[in-house]
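Asker: Handing you a structure now.
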Amino acid sequence: MAAKKRTSNSASRSKTRNPKSLVAVVMGSQSDWETMKHASDTLTQFGIEHESRVMSAHRSPSLASEFASNAEERGFEVIIGAAGGAAHLAGVLAAHTTLPVLGVPMRSEALNGLDSLLSTVQMPGGIPVASLAIGKPGAVNAALFAVAILANSRPELREKLHRFRELQEQKIRATVLS
Ligand code: RP5
């Protein structure tokens, strides 16, 4: 419980720490942070300023719509939206911005994330959400996808991405099974 509280505070603090954040990591509940911390950690690994926030499409709808409406003006270039159940946060964020929105379905208790996946991926035509995998792999890949988007106009970031892939492959080539 204490760890959860710290997580929430650190997510809130990041808002004030990073006035020039390029990526917003938005999640529907504090309970999503354990998973979405992997997105934040991956962005940090690439040296990308970002802001992690909790806001909900159904529990704080005004906050979610306000945040997405102002995101472009605030300098964000990508929004990652994570939610579990039929919460549909990424779709709601996407409805209020033309920035790319990357959706991460959270693993849910009742349906193991299938509900989250469908509510994120099945966007009706006209308002796109790029949907990633359920849970931690989706969180990591959302961050890597954000890096790839930002790298289109930042050659140094493209270089980091190439290096990341090279190291990843080297690790696999070096794997010895005993
Ligand atoms: C969604 O409901 C959140 O994204 C979370 O994954 C799920 C459960 O939230 P809590 O009841 O744990 O706050 O809105």
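FYI, in our numbering the residues of the sequence shown are 640 to 817.
Ideal placement from N, C-alpha and C gives every residue a C-beta, glycine not left out.
Does the distance between the C-beta of Ala-778 and the nearest non-hydrogen atom of ligand 1 fall short of 7 Å?
Answerer: No; taking the cut-off as 7 Å, the Cβ of Ala-778 has no heavy atom of ligand 1 nearer than that.
Asker: Where DSSP assigns a beta bridge to Val-662, which residues make up the other side?
Answerer: Its beta-bridge partners are His-689, Val-717.
Asker: Which residues in the same chain have their Cβ closer than 6 Å to the Cβ of Gly-774, if we skip the five residues on either side of it in sequence?
Answerer: Answer for Gly-774: Thr-674, Arg-746, listed in chain order.
Asker: Have a look at Gly-724 and His-801 and give me their C-alpha separation to the nearest angstrom.
Answerer: Approximately 35 Å between the Cα atoms of the pair.
Asker: Could you check whether the Cβ of Gly-667 sits closer than 7 Å to any heavy atom belonging to ligand 1?
Answerer: Flag set: Cβ of Gly-667 near ligand 1.
Asker: How far does the alpha helix (DSSP H) with Pro-615 in it extend, from its first residue to its last?
Answerer: Here the chain comprises residues numbered 640 to 817, so residue 615 is not present and cannot be evaluated.
Asker: Within the continuous beta strand (DSSP E) that includes Leu-816, where are the two ends?
Answerer: Unbroken run through Leu-816: none, as it is neither H nor E.
Asker: So within the stretch 702-765, which uninterrupted alpha helix (DSSP H) runs reach at least 4 residues, ignoring any that extend past its ends?
Answerer: Segments of the alpha helix (DSSP H) lying fully in the stretch 702-765: 728-734, 753-760.
Asker: Consult DSSP for Ser-670 and reduce its assignment to one of helix, strand or coil.
Answerer: Helix at Ser-670.
Asker: Leaving out five residues on either side along the sequence, give the residues of the same chain with a beta carbon under 6 Å from the beta carbon of Gly-742.
Answerer: Only Gly-720, Ala-729, Thr-759, Val-768, Ser-770 meet the Cβ criterion.
Asker: Just checking Ala-729 against ligand 1 - is the residue's beta carbon closer than 7 Å to any of the ligand's heavy atoms?
Answerer: Flag unset: Cβ of Ala-729 not near ligand 1.
Asker: Taking Pro-744 and Leu-756 to be in contact with their CB atoms under 8 Å, please state how far apart those CB atoms are, rounded to whole angstroms.
Answerer: With 8 Å as the limit, Pro-744 and Leu-756 qualify as a contact, their Cβ atoms being about 4 Å apart.
Asker: So Val-731 and Ala-772 are in contact, right, with Cβ under 8 Å, and what is the actual spacing, rounded?
Answerer: About 21 Å; that fails the 8 Å criterion.
Asker: By DSSP, does Ala-782 sit in helix, in strand, or in coil?
Answerer: Helix at Ala-782.
Asker: Looking at the strands, I want to know which residues DSSP matches up with Ser-695.
Answerer: Per DSSP, none; premise fails for Ser-695.
Asker: Going by beta carbon distance, what residues of the same chain come within less than 6 Å of Phe-685, once the five residues before and after it are set aside?
Answerer: Cβ neighbours of Phe-685 beyond the five flanking positions: Val-786, Lys-799.
Asker: Roughly how many angstroms lie between the CA atoms of Ala-650 and Val-693, to the nearest whole one?
Answerer: The predicted model places Ala-650 with a pLDDT of 43, which falls under 50 and marks its position as unreliable; any figure quoted below should be read in that light. Going from the Cα of Ala-650 to the Cα of Val-693 covers about 8 Å.
Asker: Measuring only the C-alpha atoms, how far is His-697 from Gly-667?
Answerer: If you take the alpha carbons of His-697 and Gly-667, they lie about 9 Å apart.
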